[in-house]
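As structure tokens, the structure follows; a few thoughts come after it.
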Amino acid sequence: GAGVSQSPSNKVTEKGKDVELRCDPISGHTALYWYRQSLGQGLEFLIYFQGNSAPDKSGLPSDRFSAERTGGSVSTLTIQRTQQEDSAVYLCASSVTVTTDTQYFGPGTRLTVL
Amino acid sequence: KQEVTQIPAALSVPEGENLVLNCSFTDSAIYNLQWFRQDPGKGLTSLLLIQSSQREQTSGRLNASLDKSSGRSTLYIAASQPGDSATYLCAVNPPSGYALNFGKGTSLLVTP
Chain A
39 GAGVSQSPSN
49 KVTEKGKDVE
59 LRCDPISGHT
69 ALYWYRQSLG
79 QGLEFLIYFQ
89 GNSAPDKSGL
99 PSDRFSAERT
109 GGSVSTLTIQ
119 RTQQEDSAVY
129 LCASSVTVTT
139 DTQYFGPGTR
149 LTVL
Chain B
2 KQEVTQIPAA
12 LSVPEGENLV
22 LNCSFTDSAI
32 YNLQWFRQDP
42 GKGLTSLLLI
52 QSSQREQTSG
62 RLNASLDKSS
72 GRSTLYIAAS
82 QPGDSATYLC
92 AVNPPSGYAL
102 NFGKGTSLLV
112 TP
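Residue numbers (the working numbering), protein chains in the order written: chain A, 39 to 152; chain B, 2 to 113.
Encoded structure:
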């Protein structure tokens, strides 16, 4: 079946602009996660959703970052007033439920802030 | 805070060799541990998931072990092939069960 998809695959933006990154999880997966992979920093957790609710937003690096999920499906990660340090690959994952299940990752969105 | 370390950072082996990748973590209170593979410019592919109550998992030429008390996991790859070349990531799932803590990976190159 279809895996996790993300769009766009690449995004180049100017410093100060807002960007929206989209994630389509695997159908039927109730849990959705956002991670960021920066050069030399490894993968860091940003936020997760159980259904449309985000119980833990503590991983978001600043208040310029926000995320929402609608209909228990598609999620959007929004970065306002982008900075150069926001440049990274943003990865989305989904799982059947939170806790014991394998997380399946999408191909990521590579964000470059000039 | 959970720290996950992977050794070695890079590894180059000739085709056909058996090899072991190491992962260590500082807090033994984990829910499960996952091994992933990442090809250049691509997302992560899940290889194996070991629940905290399990000692090992096997899939084809891959075998992952978990020693929770000592904070260690190993990924054993048998009869390596050039197609195994990729970065291998270890990730620990804390008791909360959702925010994976990743190591920085081992970059593997298998030469023909």
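Ideal placement from N, C-alpha and C gives every residue a C-beta, glycine not left out. As the structure is a prediction and not an experimental result, all values here were calculated from the model.
Cβ-Cβ distance between residue i and residue j below 7 Å
| i | j | result |
| --- | --- | --- |
| V57 (chain A) | Y142 (chain A) | no |
| V136 (chain A) | Q79 (chain A) | no |
| I85 (chain A) | W72 (chain A) | yes |
| T108 (chain A) | Y128 (chain A) | no |
| I78 (chain B) | L67 (chain B) | no |
| Q7 (chain B) | C91 (chain B) | yes |
| T88 (chain B) | S108 (chain B) | yes |
Below-7 Å beta-carbon distance, residue i vs any chain B residue
| i | result |
| --- | --- |
| L115 (chain A) | no |
| V112 (chain A) | no |
Any C-beta of chain A under 7 Å from that of residue i
| i | result |
| --- | --- |
| F103 (chain B) | yes |
Chain-ordered chain B contacts of residue i [CB-CB under 8 Å]
| i | result |
| --- | --- |
| A69 (chain A) | Y99 |
| G109 (chain A) | Residues of chain B passing the Cβ test: none, with the nearest at roughly 20 Å. |
Endpoints, the beta strand (DSSP E) within which residue i is located
| i | result |
| --- | --- |
| Y73 (chain A) | 69 to 76 |
| N33 (chain B) | 33 to 39 |
| K49 (chain A) | 48 to 51 |
| E123 (chain A) | Here E123 (chain A) belongs to no beta strand (DSSP E), and DSSP marks it neither H nor E. |
| V134 (chain A) | Neither: V134 (chain A) is in no beta strand (DSSP E) and is coded neither H nor E. |
| D62 (chain A) | 57 to 62 |
| L84 (chain A) | 80 to 88 |
| Q7 (chain B) | 5 to 8 |
| R119 (chain A) | Neither: R119 (chain A) is in no beta strand (DSSP E) and is coded neither H nor E. |
| V21 (chain B) | 20 to 26 |
Proximal residues of chain B, C-beta to C-beta of residue i below 9 Å
| i | result |
| --- | --- |
| G89 (chain A) | Per Cβ cutoff of 9 Å: no residues; G89 (chain A) is ~13 Å from chain B at best. |
Residue i Cβ short of 6 Å to the ligand COA heavy atom set
| i | result |
| --- | --- |
| E82 (chain A) | Absence of the ligand COA from the depicted structure is noted, as is the absence of any ligand whatsoever, leaving it without description. |
Neighbour flag for residue i against chain E, beta carbons, 7 Å
| i | result |
| --- | --- |
| Q82 (chain B) | This model lacks chain E altogether, as its protein chains are A and B. |
Subject >> Proximal residues, the segment 39 to 55 of chain B versus chain A, C-beta separation under 7 Å >> reply: Residues K43, G44, L45, S47, L50, Q52.
**OP:** Residues of the segment 74 to 86 of chain A with a CB closer than 7 Å to any CB of chain B: list them in chain order, please.
**Re:** Residues G80, L81, F83, Y86.
Original post:
Which of the residues in the segment 128 to 152 of chain A, read from start to end, lie with their CB under 7 Å from any CB of chain B?
Top reply: In summary, the residues of the segment 128 to 152 of chain A whose CB is separated from some CB of chain B by less than 7 Å are L129, V136, T137, T138, T140, Q141, Y142, F143, G144, P145, G146, in the order they occur in the chain.
Original post:
Just by C-beta distance, which residues in the segment 48 to 68 of chain A are closer than 7 Å to chain B?
Top reply: Only those residues of the segment 48 to 68 of chain A whose C-beta falls short of 7 Å from the nearest C-beta of chain B would be listed, and there are none.
Original post:
What residues from the segment 23 to 38 of chain B come within 9 Å of chain A, judged by C-beta to C-beta, listed N to C?
Top reply: Those residues of the segment 23 to 38 of chain B that come within reach of chain A (Cβ to Cβ, closer than 9 Å) are Y32, N33, Q35, F37.
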